[in-house]
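Quick note: the sequence shown uses this note's numbering, first residue 1, plus one each step.
Data first, discussion second: the structure below is written as structure tokens.
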Amino acid sequence: MALESITLFSSAKASVQAPSLCSFKSTPSARRTAQYLNSQPLLHVTYQASFCSAARPSAVAYDSPPASFEDEEEEGHALGLPLLNSYDSYDEYGDDEENGYFVGMDDELASLEQGGGKGTMDNELPKFAADLHKRSLDDSDRFKLQHGRDVFAERAFLVGIERKGIASSFGIADSLRELAQLSDTAGLEVVGSTYQKLDHPNPRTYIGSGKVAELRAEVRALEVETVIFDDELSPGQLRNLEKALGNEVRVCDRTALILDIFSQRAATREATLQVELAQMEYQLPRLTKMWSHLERQAGGMVKGMGEKQIEVDKRILRTRIALLRKELDSVRGHRQQYRDRRGSVPIPVVSLVGYTNAGKSTLLNRLSGADVLAEDRLFATLDPTTRRIDLPNGNECLLTDTVGFIQKLPTQLVASFRATLEEINDSSLLVHVVDISHPLAKEQMVAVDNVLSELNVGHISRLNVWNKIDKAPSKKHEEFENRGDVICISAATGEGVDIFCKAIQEKLKDSMVWVDVLVPYAKGEYVNSVHRLGVVESMEYVEDGIALKAHVPLRLSRQLQPMRKTSD
Ligand SMILES: Nc1nc2c(ncn2[C@@H]2O[C@H](COP(=O)(O)OP(=O)(O)OP(=O)(O)O)[C@@H](O)[C@H]2O)c(=O)[nH]1
Ligand SMILES: [Mg+2]
């Protein structure tokens, strides 16, 4: 078995260009097939190795025909997808399969032709390609243009629970609404949702067994393709739900969905590596489904074969995870060098943090004329962008836009993005941007505070900014007029932005350090830095140099340390 080249999880892409080919193993014949299909106009084949991933493939490739075609549970078969089988077991299964196509390798082909079988590379593959193409046309009304991309609108159904007695700041309706927004961002079409009131999530199936039966009926009635649960499912829950709901539907959870969105959006090498790592760590304990067909195929004769495969896969995954970590370390090393270089230029860093879709990128764009993608969807930004901006008093600072937060942020994601988020640690000031027009603005603030407290940034001073006041109801205006600790702005119209800049300036001054130094004439560049970055109180040309009294950013004060006047 050519295991080494399996694309184990070619990420859970919820939206792919059809058609895609799901292959359980990357065998030479599967690769060859993909090569052939990709050489055809209008066909684009990607491998996926598992049905747990969020994309519905257009066809399924098996290395040899599964033994139990009649078995209702047979994945691809049950989905009504064309099957592609490499030929080696053709004699045994060849004639009774209408849905399948058979291909073989050259040497196998020779023996096939000698044996007078019907399938050859030459006549079966083109038929297969034509069938795939036809199916993708049949499905074409399911494609909608979304955010400038063709997205296959899978039918999704959402399931949540309301915990009795647990005062979650997000109510179940709000949480499901947000899950729907996430699904939409991932390119799914939400066709319904349900929830159950429970003391605790059911350890076996998350919802109770009666509710599972109800869900199964609803899923059938609505022709649902993906069921998404609002909380992270344990590997056991996932397995049991997959079993209970049948193979026609895919089961996934909030975490997998968010990971999927991140993987669709990751643009830089570091973000891609981080998301891939998070996905693999998520998949590792959940590796079950992709080899279960082997058990059936062996007809129970080679008991535990699937088990063994899972062990092999786990080893492959672990090796890959180790490799990813190493690569990430090296990418981060480069970034650290960049940051160190930036650190030697003592410009204060101001970080924009906040809930996803709060308007952080819009604000950065407004202040710096940057061109960061800002759009009305969740997680538009994954990579931090930094721009230099001028403050009203002529000082400069660096403004950094960061990835947005969300409630129930997957732990793997927080862990793998920690390094990116840790840049926040270098900031002189955190600006917490809130979308005050959002009905759950308060709950979102709490969620952001929770993530921030995990990041140990309590020592950095904060500025709270309520954004989108152009959209907010006037009641909110009265509310914030009574508060001294908030700046109200509209990043879209520019209202309040001047006041915001002044507030940054003041806050930065608060975080500055008082210095009384004598700068030798030979080191005149420091005087420039003090003017550019600090607030000068007095300056005097004396015999040995320039005597300065000023407030300066901490980093600059360190550089000025040797020039401190000895008298103080
Ligand atoms: N009406 C109004 N809309 C705004 C304002 N600021 C931002 N928006 C809109 O809100 C949406 C989200 O803005 P972004 O700047 O992408 O939000 P973000 O905080 O960077 O979001 P993520 O990158 O997903 O974390 C966009 O459609 C913006 O046009 C505002 O002041 N008023
Ligand atoms: Mg953004």
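Glycine is no exception: its CB is placed at the ideal position from the N, C-alpha and C atoms.
On a predicted model such as this, the values are computed, not experimentally measured, just so you know.
**OP:** Count the CB pairs spanning the region 399 to 409 and the region 321 to 332 that are closer than 8 Å, and state whether there are at least three.
**Re:** no
**OP:** Just grab the DSSP bridge partners of F262 for me.
**Re:** For this step, residue 262 is matched to residue 262 along the sequence shown. Partner(s): none; F262 has no beta bridge.
Original post:
V219 to R155, Cα distance in whole Å?
Top reply: Position 219 of the sequence shown, counted from the first residue, corresponds to residue 219. Position 155 of the sequence shown, counted from the first residue, corresponds to residue 155. In a straight line, the C-alpha of V219 is about 10 Å away from that of R155.
Subject >> R332 versus G236, A130, G246 and Q274, residue with shortest Cα-Cα distance >> reply: Taking the first residue of the sequence shown as position 1, residue 332 is located at position 332. Selected option, being the one with the closest Cα: Q274.
Subject >> Candidates T356, D390, E375 and D376: closest to S368 by CA position >> reply: The count along the sequence shown starts at 1 and reaches residue 368 at position 368. Closest option to S368, Cα to Cα, is D390.
**OP:** With DSSP as the reference, label D470 as helix, strand or coil.
**Re:** Locating residue 470 in the sequence shown gives position 470, counting from the first residue. DSSP places D470 in coil when its eight states are reduced to three.
**OP:** Report yes if the CB atom of L317 is closer than 8 Å to the CB atom of V350, and no otherwise.
**Re:** As a first step, residue 317 must be located in the sequence shown, where it is residue number 317. As a first step, residue 350 must be located in the sequence shown, where it is residue number 350. The answer is no: Cβ separation not under 8 Å.
Subject >> Complete alpha helix (DSSP H) runs within the region 152 to 231 (minimum length 4 residues, chain order) >> reply: 172 to 186 and 209 to 221
Original post:
Are there 16 or more other CB atoms within 10 angstroms of the CB of L176, so buried, or fewer, so exposed?
Top reply: Against the sequence shown, residue 176 aligns to sequence position 176. L176 comes out buried.
Subject >> Rounded straight-line distance, which links the Cα of A441 to that of A550 >> reply: Residue 550 sits at position 550 when you count from the first residue of the sequence shown. Residue 441 sits at position 441 when you count from the first residue of the sequence shown. About 39 Å.
**OP:** Determine the closest residue to I207 out of G160, K243 and L182, with distance taken between C-alpha atoms.
**Re:** Mapped onto the sequence shown, residue 207 falls at position 207. Among G160, K243 and L182, the Cα nearest to that of I207 is on G160.
Subject >> T400 in three-state terms, based on DSSP >> reply: Locating residue 400 in the sequence shown gives position 400, where the first residue counts as 1. Residue state, collapsed to three classes: strand.
Original post:
Is it the case that the Cβ atoms of D231 and L158 are separated by a distance below 8 Å?
Top reply: The sequence position of residue 231 within the sequence shown is 231, counting from 1. The sequence position of residue 158 within the sequence shown is 158, counting from 1. The answer is no: Cβ separation not under 8 Å.
Original post:
What's the C-alpha gap between H147 and A266?
Top reply: Position 147 of the sequence shown, counted from the first residue, corresponds to residue 147. Position 266 of the sequence shown, counted from the first residue, corresponds to residue 266. Caution applies to H147, whose pLDDT of 46 falls short of 50 and renders its modelled position unreliable; the value that the coordinates give is listed next. Whole-angstrom Cα-Cα distance: 16 Å.
**OP:** Write down the C-beta distance between R250 and T226 rounded to the nearest angstrom, noting that I regard them as a contact closer than 8 Å.
**Re:** In the sequence shown, the residue the question calls residue 250 occupies position 250. In the sequence shown, the residue the question calls residue 226 occupies position 226. Right, the Cβ-Cβ distance comes to about 5 Å (below 8 Å), so this counts as a contact.
**OP:** Could you have a look at E375 and say whether DSSP puts it in helix, strand or coil?
**Re:** Taking the sequence shown and counting its residues from 1, one reaches residue 375 at position 375. Coil.
**OP:** Name, in chain order, the residues that DSSP records as bridge partners for L570.
**Re:** In this structure the chain extends from 1 to 568, so residue 570 is not present and cannot be described.
Subject >> Neighbour-count burial assignment, N393, 16 or more Cβ in a 10 Å radius >> reply: Reading the sequence shown from its first residue, position 393 is the one you call residue 393. By the neighbour-count rule (16 or more Cβ atoms within 10 Å), N393 is not buried but exposed.
Original post:
So what does A547 bridge to, in DSSP terms?
Top reply: On the sequence shown, position 547 is the one that residue 547 refers to. A547 pairs with L518 and E540.
**OP:** Select from R286, L363 and K127 the residue whose C-alpha is nearest the C-alpha of G496.
**Re:** Here residue 496 is taken as the residue at index 496 of the sequence shown, counted from 1. Of the candidates R286, L363 and K127, the one whose C-alpha sits nearest the C-alpha of G496 is L363.
Subject >> Per-residue DSSP class, three states only, for H432 >> reply: Here residue 432 refers to the residue found at position 432 of the sequence shown. Note: H432 maps to strand in three-state DSSP.
Original post:
Can you tell which of R269, E537 and D260 has the C-alpha that lies nearest to the C-alpha of M280?
Top reply: For the purposes of this step, residue 280 is taken as the residue at position 280 of the sequence shown. Per the Cα distances, D260.
Original post:
Who does N464 pair with in a DSSP beta bridge?
Top reply: Indexing the sequence shown from 1 puts residue 464 at position 464. In DSSP, N464 forms a bridge with H432 and V486.
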